[in-house]
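Have a look at the structure below, then the notes.
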Amino acid sequence: KQEVTQIPAALSVPEGENLVLNCSFTDSAIYNLQWFRQDPGKGLTSLLLIQSSQREQTSGRLNASLDKSSGRSTLYIAASQPGDSATYLCAVRRNTGGFKTIFGAGTRLFVKA
Amino acid sequence: DTEVTQTPKHLVMGMTNKKSLKCEQHMGHRAMYWYKQKAKKPPELMFVYSYEKLSINESVPSRFSPECPNSSLLNLHLHALQPEDSALYLCASSQGNRIPGLPDTQYFGPGTRLTVL
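Residue numbers (my numbering), protein chains in the order written: chain A, -15 to 97; chain B, 795 to 911.
In structure tokens form, the structure reads like this:
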């Protein structure tokens, strides 16, 4: 059974700092891994998607990496801003059996001005 | 356009009511999803439709009844709900690629905040 864990559960950093969010999963037979952000009471916004055959994806100040063999992904945020404050979720889709997606519990990020 | 719309934004219902949630996308996506999210918890998958056919039901109680009338619409019919069903209900869609190596990004709607009294 696939389990997805995110560390840390919460993080508070000063503006301008670079930071890394971690996601680990127990079953390496994945189709893809997707990072989302969620603002309180809102829906999810897709940030980056990494296919199982890829090692990393970049979008602006965000870089996501994937090491499937060790069951880990990281989301790197450069030069953090107060507007980055949100909950960051990683989601893993398994390789077989349709489109089942398992989410981690998320990292709540607060960037102080 | 990567928009998934959901109506209503908020819904309050009694335990004997029947109501429906609606989700719509016009991206040509062929996979659509319902998730339930309780406060401070991650989304939990409820149902997946692939090419208008129900492909995943995560053992959801029968008081939740999904329907996919066409490739753009997804409904969730609610009947005889319990107070513990109060949550944010999220709809998502993706292209529905099943070929290994092709991306299949999920796009989420803003959700319906459901309160069951």
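For each residue, glycine too, the CB sits at the ideal point set by N, CA and C.
Using 8 Å for Cβ pairs, my map puts K91 of chain A next to Q22 of chain A. What's the rounded Cβ distance?
Residue identity check: residue 91 of chain A is Thr in the sequence provided, not Lys. No, T91 of chain A and Q22 of chain A are not in contact; Cβ-Cβ is about 11 Å, not under 8 Å.
Chain A contacts from the stretch 846 to 857 of chain B (Cβ-Cβ distance under 9 Å)
S849, I850, E852
For the beta strand (DSSP E) that contains I893 of chain B, what are its first and last residues?
From DSSP, I893 of chain B is part of no beta strand (DSSP E); its letter is neither H nor E.
V842 of chain B touches chain A at which residues, Cβ-Cβ below 9 Å?
G82, F83, K84, T85
When B:T801, B:P837, B:Q800 are compared against F87 of chain A, the one with the closest alpha-carbon:
B:P837
State buried or exposed for Q876 of chain B, treating a residue as buried only when at least 16 other CB atoms are found within 10 Å of its CB.
exposed
List the residues of chain A that T909 of chain B touches, going by C-beta distances under 7 Å, in chain order.
Under the 7 Å cutoff, chain A gives no residues; its nearest Cβ is about 13 Å from T909 of chain B.
Among B:N811, B:I893, B:P904, the one whose alpha carbon lies nearest that of S887 of chain B:
B:P904
Below 8 Å between beta carbons is the criterion; list the residues of the stretch 12 to 33 of chain A that meet it against any residue of chain B, in chain order.
Y15, N16, Q18, F20, G25, K26, G27, L28, T29, S30, L33
In its own chain, which residues sit with a C-beta less than 7 Å from the C-beta of G44 of chain A, not counting the 5 before and 5 after it?
none
Just list the residues that DSSP pairs H873 of chain B with in beta bridges.
B:K812
Relative to the C-alpha of A62 of chain A, which candidate in A:A(-6), A:L3, A:G55, A:L31 has its C-alpha closest?
A:L3
Proximity winner among B:P897, B:A874, B:L868, relative to L884 of chain B (alpha-carbon distances)
B:L868
How far does the beta strand (DSSP E) with F87 of chain A in it extend, from its first residue to its last?
85 to 87
Any beta strand (DSSP E) of 3 or more consecutive residues that is wholly inside the stretch 19 to 68 of chain A
28 to 35, 40 to 43, 46 to 51, 56 to 61
Taking Cβ-Cβ distances shorter than 8 Å, what residues in chain A pair up with P897 of chain B?
N16, L33, Q35
Run the CB neighbour count on M840 of chain B, radius 10 Å, all protein chains shown included, and call it buried at 16 or more, exposed below.
buried
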